[in-house]
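Each remark here refers to the structure printed beneath this line.
Numbering (the working numbering), first residue to last: 878 to 1252.
Below you can see the structure in the form of C-alpha cells.
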C-alpha cells in the first residue's frame, strides 16, 4: 500500500503575478524528494498529485504512520534503545539527509521527540473515542440552519451551497485583484495578488507561518525579515487592499503604500517580493489549500466556503433560496470558522511532524525506521 508523505512538491505557478521574470537565482533551486521503492519496503510516496489540506491528518494516521505502536507498546525508553541500534546497523548515509550524513550528528533525541509527538497526535488528539464535540455540535447547527433550503433533486444543501460559493468567491477574488492591479500607484498595483492570499478571514495564516519556518523557504527570505513580523504585515494589509478591491472609502490606503515600500526595501524591488510570494504559492501545502477553496469535496471543504459569504443578504439567500437574515448568515460563518480552525490545527500538526521527520531522514530511511519500530 502506498504511504502518504506531504512534502514541498513544486507545482505550476497559480498566482497572476506579473513579475515572474524577476525571480532571483536562489528561488530557482528546489530540493525535491526522490521517489524510492524496493522489494522489501513499501513506497513512502503517494502518486504525484496534490493532497487536499483536510486529508493531511487522515493520511498521516492511516498511511504514513499507521504502523507506529501506541505509547503502551513503544515507550520513550524503548525508542531511545531502538533508534541507536537502527542507526548503527541499518542506516547511515543512505538513510539520513545530506546535511546529517557523514557528520554523525545525534539523531536519537530529535527522532524520539518527534515520535512522541506523533503518538500524541494519533492516539490522543485523533482518538475516535474522543471526538471533537465542538465540531460535532457546530455540524448539527449548520445542518439545521440549511435544513429548509431547497435543493435540486435530493441534493445535499451544504454541498450545493458550497459549490456555488466556491465559484462565486473565485470570480469575486479575480475581479478584486484586477481592480487593485489597475490602481494608478504601481507599488500599490503590484500587491494585487497579495489580496486574499491567506484565504477567507486569513484562515491560512497559522499554516503559512509553518511554511515560512521550513528551511527551503526561510533561506529565500532576506536575513533582516522575521517570519512572524512578515506574516503580520500580510494580514494587516488585507484591510486596505479590501477597500481598494470593493471601491470603499480608502481609510487604510496609507498602510497599503507603507507595506509596499517596506517590501521593496527588504527584498530590493517589487519583482523580487512577488517572486518570493510565488515561491510560497507553488508549495504543496499552499496548493493543497487552494484545492479546498476552489473545489470542495467533503464536509470540511464545504464548511470552508461558508466562512466567506456574500456580504449582501439577498445575494446569499438567492444562492440557495435560504430563509433567514443577516443574523443567520453570521451564525453560519461563525460555526464554519470555528470548525475550520480546529481542523486546520490537526492538518498543520500532521504536516509539520512529517516534515520534521523528513528533515532528518530520507524517504526510504524513514520507511526503514518505521519498519524497525513496528516489530
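For glycine and all other residues, C-beta sits at the position ideal for the given N, C-alpha and C.
One thing to note: residue 1121 has its Cβ within 8 Å of the Cβ of residue 1057. In the DSSP assignment, the residues bridged to residue 1238 are 973. Short of 6 Å from the beta carbon of residue 998, and not among the five residues preceding or following it, lie these beta carbons of its own chain, in chain order: 1226.
Sixteen is the threshold: when 16 or more other Cβ atoms of the shown chains lie within 10 Å of the Cβ of residue 1040, as they do, the residue is buried. Of the candidates 1129, 1113, 1075 and 1245, the residue whose Cα lies closest to the Cα of residue 1184 is 1075.
With the rule of 3 Cβ pairs closer than 8 Å, the region 936-954 does not count as touching the region 1207-1221.
One Cα belongs to residue 1206, the other to residue 1012, and the distance between them is close to 18 Å. Here residue 1033 carries a coil assignment [DSSP, helix/strand/coil]. Cβ atoms of residue 1105 and residue 1086 come within 8 Å of each other, at about 7 Å. Between residue 959 and residue 1250 the beta-carbon gap is near 6 Å, inside 8 Å, which marks them as a contact. Across the set 1107, 1171 and 1037, the C-alpha of 1107 shows the shortest separation from the C-alpha of residue 1083. Approximately 5 Å separates the beta-carbon atoms of residue 1073 and residue 1050; this is inside 8 Å, confirming the contact. Residue nearest to residue 988 within the set 971, 961, 1077 and 1010 is 961 (criterion: CA-CA distance). Straight through space, the alpha carbons of residue 1147 and residue 1137 are spaced by roughly 8 Å. Residue environment for residue 1014: exposed (fewer than 16 other C-beta atoms within 10 angstroms of its C-beta). If you draw a 10 Å sphere on the C-beta of residue 1116, you find fewer than 16 other C-beta atoms in it, and that means exposed. Residue 1157 has its alpha-carbon roughly 33 Å from the corresponding atom of residue 1248.
Ranked by Cα distance from residue 1062, the options 1134, 1043 and 1035 are led by 1134. In the three-state reduction of the DSSP assignment, residue 1080 falls in the coil class, being assigned neither a helical nor a strand state.
The continuous stretches of alpha helix (DSSP H) do not include residue 930, and DSSP gives it neither H nor E. The residue from 1038, 966 and 1186 with its alpha-carbon nearest to that of residue 1211 is 1186. In this structure, residue 1060 lies away from residue 1052, with their beta-carbon atoms at least 8 Å apart. When DSSP states are grouped into helix, strand and coil, residue 1154 belongs to the helix group.
Going by C-alpha positions, residue 1008 is about 28 Å away from residue 1171.
The beta carbons of residue 1177 and residue 931 sit closer together than 8 Å. A residue is called buried when at least 16 other Cβ atoms come within 10 angstroms of its Cβ; residue 1055 does not meet this threshold and is exposed. Sequence-distant Cβ neighbours of residue 1018 in its own chain, meaning closer than 6 Å and more than five residues away, are 1212. Note that the C-beta distance between residue 1113 and residue 1132 is below 8 Å.
For residue 1163, the enclosing alpha helix (DSSP H) begins and ends at 1161-1171.
Look at residue 1144 here: in three-state DSSP terms it is helix.
By alpha-carbon distance to residue 992, the top candidate from 1123, 1125, 1126 and 1231 is 1231.
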